[in-house]
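Numbering (this note's numbering), first residue to last: 82 to 189. For each residue, glycine too, the CB sits at the ideal point set by N, CA and C.
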């Protein structure tokens, strides 16, 4: 009731001026909130992009490691094959092999 009496005592132009000022302040506050949210979104997008870039780098390193692992496994397999081939060629009872074994026995 007191508000109504105050309003009745003020001229209409003054009330309109207060209303417009209040509305302007509310718009300013709303714009500030929108700008803050936009800045937050921008920061989150930047952070997300950095994480995506890091993930891509790590995936590339993982892929490179897998490639290197495959290459090393192929090399190991090749060496095993070569070793098997050499073992099949060597006769363990040949004089050369026996003389090597004899020399080991003499040293120890």
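The DSSP-derived three-state label of residue 157 is helix. Residue 131 and residue 142 have their C-alpha atoms spaced approximately 16 Å apart.
C-alpha of residue 97 to C-alpha of residue 106: approximately 14 Å in a straight line. The DSSP-derived three-state label of residue 168 is helix. Exclusion of the five residues before and after residue 172 leaves no residue of its chain whose Cβ lies closer than 6 Å to its Cβ.
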